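Residue numbers (the UniProt record's numbering): 1 to 313.
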């Protein structure tokens, strides 16, 4: 290149030598800077997007890491189920131990008002009925009164029929465990309404873990022979009938209402007119003797019938 051309280029502000030198240095500097900022890191490959039917894109499910997380979640879920089952077992054991220790026994003086005691009302005299358990005398008495026995059997079936149908429904629909407590409450109310004989039977079953579940045992231990009191005027009439005179001749005072009521009778607080002693006056509930003996008669005959079938007995 001649001198004129070089001068012309220099005049234009472009120095070929300087341009070449600067260009070389300019190309070297960025390479050194980039080499300092670039580092190699091993990472899992990103999941490739997958186009769905409606055109929207979604990422394909990861493989190895998510499978490990899923396995850990499954293990946690199994552990939760195991702990829950253990807690339920411990709760049932605690309920059973409370039942065996009698910690659920009910000691209230009156039952709920919605309990209706079903008794057998007999017009005939009950003077021939024994005051202690005598199966011969009981059989001789009720064997001559089949109509009263049939009435009591119908009464029992009418009360138990609805309960048995609901239990059958639970079995068919596999909800026995779910409705166990509700059915135990029902049977407690039914047994209470049937009177003293069945109340004592229920109390005997309430300490039998080989027959009942812990929940049923707990509920039946709340069973007591306390029932709503009967009319006070009827009670006062019975007192005067037994005394053979107005009660005012014997007691200076007598509570207008009972202080406790049970399936066999109810108790009034009185004070003797003779010496001023404070006494408890117990009045037997009407028709309770007839009801207890007829129930014993039915239960005994049912047991004798079942003895003919060894598998049932």
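All C-beta atoms, glycine included, are put in the ideal place defined by N, C-alpha and C.
Here the structure is a predicted model, which is why all the values come from computation and not from measurement.
Closest in C-alpha terms to residue 259, from the list 268, 251, 252, comes 268. Relative to residue 265, the option among 230, 216, 169, 222 whose CA is nearest is 230. Contact fails between the region 170-189 and the region 140-153, because fewer than three Cβ pairs, one in each stretch, are under 8 Å apart. Around residue 185, the same chain offers 219 as residues with beta carbons nearer than 7 Å, after the five sequence neighbours per side are excluded. Cβ contact annotation for residue 205 (same chain, cutoff 7 Å, sequence separation greater than five): 211, 212, 220, in chain order. Closest by C-alpha distance to residue 240, out of 125, 134, 282, is 282. Secondary structure of residue 155 (DSSP, three-state): helix. Taking C-alpha positions only, residue 190 is separated from residue 300 by approximately 20 Å.
In the three-state reduction of the DSSP assignment, residue 272 falls in the strand class, which pools E and B. By the C-beta criterion, the region 123-142 is judged to be in contact with the region 288-299, since at least 3 inter-stretch pairs fall below 8 Å. Assignment of residue 253 by DSSP, reduced to helix, strand and coil, places it in the strand class. Looking at the DSSP output, residue 265 bridges to 284. With distances taken between CA atoms, residue 303 lies nearest to 135 out of 117, 135, 82. Burial check for residue 251: the Cβ neighbour count within 10 Å reaches 16 or more, so the residue is buried.
Less than 8 Å divides the Cβ of residue 195 from the Cβ of residue 119.
DSSP places residue 279 in the strand class (E or B) of the three-state scheme. Cα atoms of residue 228 and residue 222: separation of roughly 16 Å, rounded to the nearest angstrom. Burial state of residue 257 is exposed, judged by a 10 Å Cβ sphere holding fewer than 16 other Cβ atoms.
Listed in chain order, the non-local C-beta contacts of residue 137 below 6 Å within the same chain comprise 130, local neighbours out to five positions each way being set aside.
The C-beta of residue 307 has fewer than 16 other C-beta atoms within 10 Å across all chains shown, which makes the residue exposed. Taken atom to atom, the span from the alpha-carbon of residue 238 to that of residue 168 is near 44 Å. Between the alpha carbons of residue 207 and residue 280 lies a gap of roughly 31 Å.
Apart from the 5 residues on each side of it in sequence, residue 277 sits with its Cβ closer than 8 Å to the Cβ of 271 in its chain, given in chain order. At a cut-off of 4 residues, the continuous stretches assigned as alpha helix (DSSP H) that sit fully inside the region 171-216 are 180-194, 196-205.
Residue 260 is bridged by DSSP to 267. The DSSP-derived three-state label of residue 132 is coil. Look at residue 140 here: in three-state DSSP terms it is helix.
Only exposed fits residue 165, as fewer than 16 other CB atoms lie within 10 angstroms of its CB. Counting every other CB atom within 10 Å of its CB across the protein chains shown gives residue 188 a total of 16 or more, marking it as buried.
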